[in-house]
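In the numbering used here, the protein residues as written are 2 to 240.
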């Protein structure tokens, strides 16, 4: 009997939590649309107050109102394009305070990590450039270039409120790829052409080894293009 009651209470608690999340998401969407009404064209039949009320009482709505709410919710997410309820919730820090935003939100924690790893790459780069061991210099420079790229992308997404925490893992993968690509292409210069290395190309535009690794870490697509070019030539030769 007690276990049944506990299950019912758990289900009710989960339902209330989902309802709060739904109401919060709906409120953020409506607020964003109203704040950007000069940019976003909203259908005249849309009633913001009715929409928010539906979101707060969704489980108790009749079938027709539920359908209307879902259709209007989908309409809002469509007209706001890359700005969704999830990105709006993630990028809202007003009223929480700086420390809460920095240490207790996924976006803040990601920015702290990215800033920390940037300073680490700067420190390692200085140590390797001024010291005797320079084997890590290309990787540190590539890592710094990758961090600059990620900071730029993150800043642009936060400004437009399009930053989605769900894509943080993909950005961490981009960080690893940038370090490996920018460092490896300098350590294995024959990837370009046997008679013309990537270092030679860098010298033509007055770029040293570290600077070239920085650029390749920032623009990792260059590395992909080189590998695709080599793979295509090998495939054609074997045909």
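Don't be surprised by glycine CBs; every beta carbon is placed ideally from N, CA and C. It should be emphasised that the depicted structure is a prediction, and the values quoted were computed from it without experimental measurement.
Extent of the continuous alpha helix (DSSP H) to which residue i belongs
i, result
"residue 138", "138-160"
"residue 100", "99-104"
"residue 88", "86-91"
"residue 165", "Careful: residue 165 lies outside any alpha helix (DSSP H) and carries neither H nor E."
"residue 1", "Because the chain spans 2 through 240 in this model, residue 1 falls outside it and cannot be assessed."
"residue 82", "Element bounds for residue 82: n/a, residue is neither H nor E."
"residue 221", "It is not in any alpha helix (DSSP H) - residue 221 carries neither H nor E in the DSSP assignment."
"residue 52", "49-57"
Own chain residues within Cβ distance below 8 Å of residue i, not counting five before or after
i, result
"residue 35", "49"
"residue 90", "25, 26 and 29"
CA-to-CA distance, residue j to residue i, given in whole angstroms
i, j, result
"residue 64", "residue 20", "17 Å"
"residue 226", "residue 4", "60 Å"
"residue 176", "residue 77", "33 Å"
"residue 41", "residue 74", "15 Å"
"residue 22", "residue 11", "17 Å"
"residue 188", "residue 72", "55 Å"
"residue 66", "residue 57", "12 Å"
"residue 82", "residue 100", "30 Å"
"residue 216", "residue 117", "20 Å"
"residue 47", "residue 233", "53 Å"
"residue 80", "residue 153", "26 Å"
"residue 45", "residue 68", "19 Å"
Cβ-based neighbour list, residue i, same chain, cut-off 7 Å, excluding 5 preceding and 5 following
i, result
"residue 123", "145"
"residue 92", "108, 159, 162 and 164"
"residue 184", "139, 140, 143 and 214"
"residue 113", "103"
"residue 55", "62, 66 and 70"
"residue 235", "none"
Proximal residues to residue i (C-beta, below 6 Å), its chain only, five neighbours per side dropped
i, result
"residue 178", "221"
"residue 33", "89"
"residue 119", "148"
"residue 106", "none"
"residue 169", "111"
"residue 229", "none"
"residue 172", "151"
"residue 203", "Residue placement at residue 203 is poorly supported in this model, since its pLDDT is 48, which falls under 50; the coordinates still yield a value, given next. Excluding positions up to five away in sequence, the list reads 213."
Whether residue i touches residue j by CB criterion (7 Å)
i, j, result
"residue 53", "residue 31", "yes"
"residue 151", "residue 115", "yes"
Inspect the CB distances between the stretch 114-130 and the stretch 157-166 and report whether three or more fall short of 8 Å.
-> no
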